[in-house]
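Undergrad:
There are 2 protein chains.
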Amino acid sequence: MSDDSPRLNYRAAGVDLDAADRAKRAIKSLVASTHDRHTLSGMGSFGGMYAVPGGLEAPVLVSSADGVGTKLKVAFLSGRHDTVGADLVNHCVNDILVQGARPLFFMDYLATGDMDAGVVARVVTGVARACRDNGCALLGGETAQMPDFYAPGEYDLAGFIVGIAERGALLDGSRTRAGDALVALASSGLHTNGYTLARRVVFDVLGLDAESPFPDSEETVADTLLAVHRSYLGSLSPELERGTVRALAHVTGGGIPGNLPRSLGPGLGARVDTGSWNPPGVFGVLARAGGVSRPEMYRVFNMGVGMLVVVAPAEADGLVSRLRARGEEAWVAGEVVAGSGVEMG
Amino acid sequence: MSDDSPRLNYRAAGVDLDAADRAKRAIKSLVASTHDRHTLSGMGSFGGMYAVPGGLEAPVLVSSADGVGTKLKVAFLSGRHDTVGADLVNHCVNDILVQGARPLFFMDYLATGDMDAGVVARVVTGVARACRDNGCALLGGETAQMPDFYAPGEYDLAGFIVGIAERGALLDGSRTRAGDALVALASSGLHTNGYTLARRVVFDVLGLDAESPFPDSEETVADTLLAVHRSYLGSLSPELERGTVRALAHVTGGGIPGNLPRSLGPGLGARVDTGSWNPPGVFGVLARAGGVSRPEMYRVFNMGVGMLVVVAPAEADGLVSRLRARGEEAWVAGEVVAGSGVEMG
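First to last, the protein sequences are chains C and B.
In this text, residue positions in the first sequence follow the working numbering: the first is 13, and each later residue adds one.
In this text, residue positions in the second sequence follow the working numbering: the first is 13, and each later residue adds one.
1. Rounding to the nearest angstrom, what Cα-Cα distance links Val322(C) and Ser45(C) in this structure?
2. Measuring alpha carbon to alpha carbon, tell me which residue in Gly59(B), Val139(B), Leu89(B) is nearest Leu220(B).
3. Note the first and the last residue of the continuous alpha helix (DSSP H) segment covering Ala129(B).
4. Can you tell which of Met158(C), Ser224(C), Arg114(C) has its C-alpha closest to the C-alpha of Gly147(C)?
5. When you compare the CB positions of Ala64(B) and Ile173(B), do they come within less than 9 Å of one another, or not?
6. Any idea what DSSP makes of Gly191(B), helix, strand or coil?
7. Grab the span of the alpha helix (DSSP H) containing Val43(B) for me, first residue to last.
8. Apply the 10 Å Cβ neighbour rule to Pro278(B) and answer buried if 16 or more other Cβ atoms are within range, or exposed otherwise.
9. Can you give me the Cβ contacts of Ala234(B) inside the same chain, cut-off strictly under 8 Å, excluding the 5 residues immediately before and after it?
10. For a contact meaning CB atoms closer than 7 Å, what does Lys212(B) contact in chain C?
11. Look at the alpha carbon of Ala193(C) and the alpha carbon of Gly266(B), and state the distance between them as a whole number of angstroms.
12. Specify, as a first and last residue, the run of the alpha helix (DSSP H) that Leu52(C) falls within.
13. Assign Arg336(B) to one of two classes, buried (16 or more other C-beta atoms within 10 Å of its C-beta) or exposed (fewer than that).
14. Grab me the residues of Leu242(C)'s own chain with a C-beta within less than 7 Å of its C-beta, minus the 5 sequence neighbours each way, in chain order.
15. Can you grab the Cα-Cα spacing for the pair Ala98(C) / Leu52(B), in whole Å?
16. When you compare only the Cα positions, how much space is there between Ala25(C) and Gly153(C)?
17. What residues in the stretch 144-174 of chain C have a beta carbon less than 9 Å from any beta carbon of chain B?
18. Which class does Asp168(B) belong to by DSSP, given the choice of helix, strand or coil?
19. Determine which residues of the stretch 72-85 of chain C have a Cβ less than 7 Å from any Cβ of chain B, and write them out in chain order.
20. Give the C-beta separation of Arg212(C) and Thr82(C) to the nearest angstrom, bearing in mind that I take them to be a contact with Cβ-Cβ under 8 Å.
21. Inspect the beta-carbon positions of Thr236(C) and Val304(C) and report whether they are closer than 9 Å.
22. Is it the case that the Cβ atoms of Glu327(B) and Ala282(B) are separated by a distance below 9 Å?
23. Locate the beta strand (DSSP E) running through Thr124(B), then write down its first and last residues.
24. Which residues in the same chain have their Cβ closer than 7 Å to the Cβ of Gly66(B), if we skip the five residues on either side of it in sequence?
25. Taking 8 Å as the cut-off, does the CB of Leu29(B) come closer than this to any heavy atom belonging to the ligand NAD?
26. For Ser75(B), is the classification buried or exposed, using 16 other Cβ atoms within 10 angstroms of its Cβ as the cut-off for buried?
27. Is the CB of Ala17(B) under 9 Å away from at least one CB in chain C?
28. Any residues in the stretch 239-262 of chain C with a beta carbon nearer than 7 Å to a beta carbon of chain B? Which ones, in chain order?
29. Listed from N- to C-terminal order along the chain, which residues in the stretch 208-232 of chain B have their beta-carbon within a distance smaller than 7 Å of any beta-carbon of chain C?
30. In three-state terms, what does DSSP make of Ser14(C)?
31. Could you work out which residue in Glu178(B), Val131(B), Asp329(B), Arg19(B) is closest to Glu69(B) when comparing CA atoms only?
32. Taking only beta-carbon atoms, is Tyr121(C) less than 9 Å away from chain B?
33. Does Phe295(B) get closer than 9 Å to chain C when you measure Cβ to Cβ?
34. When burial is assigned at 16 or more other CB atoms within 10 Å of the CB, is Ala163(C) buried or exposed?
35. How about Gly353(C): is its C-beta nearer than 9 Å to some C-beta of chain B?
36. Between the stretch 28-39 of chain C and the stretch 132-150 of chain C, can you find at least three pairs of beta-carbon atoms closer than 8 Å?
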């Protein structure tokens with residue numbers, strides 16, 4: 013071979029298998045910390061193995077896939093990588109909770125341009141903590157090195173959850189009736205939606221950076237924008253067991269008007285009384301500084317409502333009391349009506 | 013509001029919810045084409061619902077997450093988007109097959125900078141086709157618009173699979189013995205590994221483009237590099253039912269030395285006779301043009317072997333005959349030995 017011939021290897025091409033091994037070692041105990049008696053595999057097997065829990069007559073698996081979206085950019089700007097994993101897990105937990113399922117296991121997909129074992133470990137720390145908090149095994153995942161895809165220091169993070177429910181207890185829209193009450197549960201901030209618009213306003217229009225004070229707030233921009241997407245599993249599990257919940261709607265991309273109809277049966281719409289709560293200050297700052305119209309705000313952001321619970325009207329007050337006793341901010345925010353669509357009154 | 017105030021909305025910020033709706037409509041029938049009697053939800057529910065099939069004494073869920081990796085760059089260069097989805101599904105199917113599981117359902121995660129409903133539909137066409145071919149429902153997924161993350165026309169694609177196996181039939185490394193035979197099944201090309209190195213050699217060192225003839229071949233570069241990662245489910249399911257398979261190893265990132273040990277029990281290694289087959293021409297071209305060492309080639313690429321089957325020595329010839337009768341290229345490629353690691357002889 014002549015002297016000017018290339019001598020390529022995987023590392024020179026941009027893929028560092030040794031860094032991948034370091035990352036795997038760093039997350040091994042985090043993954044193990046989430047395992048339970050149903051988990052039949054450790055890290056390193058091709059497929060994660062999880063025994064189907066017994067005791068259900070007609071078990072149904074309920075599954076959802078999601079990403080963190082451009083909230084990740086705030087993590088990059090602030091160098092805080094240990095919360096976005098919890099955003100992802102909690103988002104997925106809520107998505108299957110609204111069908112009446114409790115989580116069994118979770119898998120993550122983390123793609124980077126350059127593999128930094130420390131960043132990978134911090135991301136997985138957040139994933140594992142939220143898995144433990146939700147009683148969910150982190151059964152496996154994929155950490156991909158993709159040079160030329162992601163800018164240095166950046167990554168994408170997606171996840172996938174599998175839960176289980178008794179077939180007869182599924183929430184599938186068939187239980188809702190015109191006249192049912194809508195009980196709202198407060199969100200903890202923007203959750204994981206609307207970040208492309210929020211970042212334009214905060215970083216471009218207002219010219220703030222991650223550690224600037226957020227306007228009209230005692231928190232920094234990073235604190236405000238990285239507030240962790242809440243899981244409603246703990247507060248709502250007892251209500252699912254009572255059997256009084258007729259439907260749940262997780263308020264994600266599309267806001268209340270985009271998500272509530274997904275949970276109602278055919279021929280039903282809803283009237284939401286937006287005067288029943290004051291959206292947290294962050295939404296007012298975004299609306300004013302960005303000149304964002306009111307309908308657009310409600311279409312893009314959760315506006316302070318993370319979850320809507322549909323119950324028979326006679327159940328609403330009792331539900332609100334029990335939720336408040338569990339520490340939730342909860343209130344009656346509207347009703348189900350005959351028709352279609354959501355009227356934001 | 014003064015005239016120079018911004019008037020922002022989600023679309024101006026880079027997220028087009030209408031394009032997202034168009035993409036959803038485009039893939040709706042593709043998704044439905046994969047559903048079966050266990051699928052209890054259509055598109056649009058928060059979580060996909062799948063009834064656990066009956067008839068198993070101790071059902072175990074087997075799950076895996078994976079991405080397509082930088083093979084996607086070849087799809088971008090050639091404008092062919094309808095095969096990478098099949099790469100992803102087949103990769104995941106093989107990953108749970110090696111634990112003895114058959115697939116139930118699949119979920120995809122597709123992240124783009126700018127949402128092109130036509131490209132999304134072509135990607136999902138490949139996902140759905142492979143799901144049908146593997147008897148697997150496409151139960152849901154997430155299509156994320158992430159401006160500032162992905163270059164125009166680019167996307168990342170990841171997937172998650174859930175399969176099922178009888179607990180007593182799991183392949184977990186406990187059945188392998190020193191002296192067992194290794195039967196190799198041919199790959200269909202690079203499958204989904206080593207593309208960062210392969211692209212450097214083909215596009216940078218050799219200066220080819222997607223439609224150039226591949227060296228020493230009648231195919232184009234795109235044909236060669238986009239050859240679809242095979243599923244071994246059809247050929248190996250009958251063998252799993254016979255109960256003679258002691259272990260399977262899917263040859264992915266890390267090659268034979270990186271993957272075979274994952275399937276063998278403790279205290280066992282393997283000797284692979286690399287003289288038992290001729291790696292397809294594509295690997296020779298990559299090695300020569302890139303000046304890639306022989307050990308590095310076997311560590312990065314599958315070198316022509318997509319799956320290894322471990323059976324008792326007396327079973328090897330019969331297995332090879334049955335696999336060939338099913339159209340597979342199959343041969344005895346080595347043996348399990350006491351010790352550890354893989355000797356590539």
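All C-beta atoms in this analysis are idealised placements derived from N, C-alpha and C, irrespective of residue type, glycine included.
Only a predicted model underlies this, so the values are computations on that prediction, with no experimental measurement involved.
TA: On the basis of the data shown:
1. Position 310 of the first sequence, counting from 1, holds the residue named residue 322(C). Position 33 of the first sequence, counting from 1, holds the residue named residue 45(C). So the alpha carbons of these two residues sit roughly 35 Å apart.
2. By 1-based counting over the second sequence, the position of residue 220(B) is 208. Answer by Cα proximity: Leu89(B).
3. The residue you call residue 129(B) lines up with position 117 of the second sequence. Counting along the chain, the alpha helix (DSSP H) containing Ala129(B) begins and ends at 129-145.
4. To locate residue 147(C), count along the first sequence from 1; it is residue 135. The shortest C-alpha separation from Gly147(C) is found at Arg114(C).
5. Locating residue 64(B) in the second sequence gives position 52, where the first residue counts as 1. Locating residue 173(B) in the second sequence gives position 161, where the first residue counts as 1. Contrary to the premise, residue 64(B) reads as Val rather than Ala in this sequence. Result no, Cβ atoms of Val64(B) and Ile173(B) do not sit closer than 9 Å.
6. Against the second sequence, residue 191(B) aligns to sequence position 179. Three-state DSSP puts Gly191(B) in coil, outside helix and strand.
7. Mapped onto the second sequence, residue 43(B) falls at position 31. Residues 29-44.
8. The residue labelled residue 278(B) in the question sits at position 266 within the second sequence. Exposed: under 16 other Cβ atoms inside 10 Å.
9. Taking the second sequence and counting its residues from 1, one reaches residue 234(B) at position 222. For Ala234(B), where only same-chain residues beyond five positions count, the Cβ hits under 8 Å are Val86, Leu89, Ser90, Arg92, Ala222, Glu223.
10. Along the second sequence, one-based indexing puts residue 212(B) at 200. Looking at the sequence shown, residue 212(B) is not Lys but Arg. Leu20, Ala25, listed in chain order.
11. In the first sequence, residue 193(C) corresponds to position 181, counting from 1. In the second sequence, residue 266(B) corresponds to position 254, counting from 1. When rounded, the distance between both Cα atoms is 56 Å.
12. Mapped onto the first sequence, residue 52(C) falls at position 40. Here Leu52(C) belongs to no alpha helix (DSSP H), and DSSP marks it neither H nor E.
13. Position 324 of the second sequence, counted from the start, is the residue given in the question as residue 336(B). Label assigned to Arg336(B): exposed.
14. Taking the first residue of the first sequence as 1, we reach residue 242(C) at position 230. The displayed chain sequence assigns Arg, not Leu, to residue 242(C). The residues are Asn102, Ser199, Ser200, Gly318.
15. Reading the first sequence from its first residue, position 86 is the one you call residue 98(C). Reading the second sequence from its first residue, position 40 is the one you call residue 52(B). If you take the alpha carbons of Ala98(C) and Leu52(B), they lie about 28 Å apart.
16. By 1-based counting over the first sequence, the position of residue 25(C) is 13. By 1-based counting over the first sequence, the position of residue 153(C) is 141. Those two C-alpha atoms are separated by around 24 Å.
17. Leu151, Gly152, Gly153, Glu154, Ala156, Gln157, Met158, Pro159, Asp160, Phe161, Tyr162, Ala163, Glu166, Asp168, Ala170, Gly171, Phe172, Ile173, Val174
18. Here residue 168(B) refers to the residue found at position 156 when the second sequence is read from its first residue. If DSSP states are grouped into helix, strand and coil, Asp168(B) belongs with the strands.
19. Val72, Leu73, Val74, Ser75, Ser76, Ala77, Asp78, Gly79, Gly81, Thr82, Lys85
20. Stepping through the first sequence from its first residue, residue 212(C) is reached at position 200. Stepping through the first sequence from its first residue, residue 82(C) is reached at position 70. That belief does not hold up - the Cβ atoms of Arg212(C) and Thr82(C) are roughly 10 Å apart, past 8 Å.
21. In the first sequence, counting from the first residue as 1, residue 236(C) sits at position 224. In the first sequence, counting from the first residue as 1, residue 304(C) sits at position 292. No; because the gap between Cβ atoms is not below 9 Å, this pair is not in contact.
22. Residue mapping note: residue 327(B) aligns to position 315 of the second sequence, counting from 1. Residue mapping note: residue 282(B) aligns to position 270 of the second sequence, counting from 1. Not in contact: Glu327(B) and Ala282(B) (Cβ atoms no closer than 9 Å).
23. In the second sequence, residue 124(B) corresponds to position 112, counting from 1. Taken as a continuous stretch (DSSP letters only), the beta strand (DSSP E) holding Thr124(B) covers 114-124.
24. As a position in the second sequence, residue 66(B) is number 54, starting the count at 1. Cβ within range, chain order: n/a, list empty.
25. This structure lacks the ligand NAD; in fact it carries no ligand of any kind.
26. The sequence position of residue 75(B) within the second sequence is 63, counting from 1. Its Cβ being crowded by 16 or more others within 10 Å, Ser75(B) is buried.
27. By 1-based counting over the second sequence, the position of residue 17(B) is 5. According to the sequence provided, residue 17(B) is Ser. The question's Ala does not apply to it. By this cut-off, Ser17(B) is an interface position.
28. His262
29. Thr208, Leu209, Arg212, Val213, Val217
30. Mapped onto the first sequence, residue 14(C) falls at position 2. Note that Ser14(C) has pLDDT 48, beneath the 50 cutoff, so the model's placement of it is unreliable and no number is given.
31. For the purposes of this step, residue 69(B) is identified with residue 57 of the second sequence, where counting begins at 1. Measuring from the Cα of Glu69(B), the nearest candidate turns out to be Glu178(B).
32. Reading the first sequence from its first residue, position 109 is the one you call residue 121(C). So yes, Tyr121(C) belongs to the interface.
33. The sequence position of residue 295(B) within the second sequence is 283, counting from 1. Not closer than 9 Å to any Cβ of chain C, the Cβ of Phe295(B) fails to qualify, so no.
34. Within the first sequence, numbered from 1, the residue matching residue 163(C) stands at position 151. Burial call: exposed.
35. The residue given as residue 353(C) occupies position 341 in the first sequence. So no, Gly353(C) is outside the interface.
36. yes
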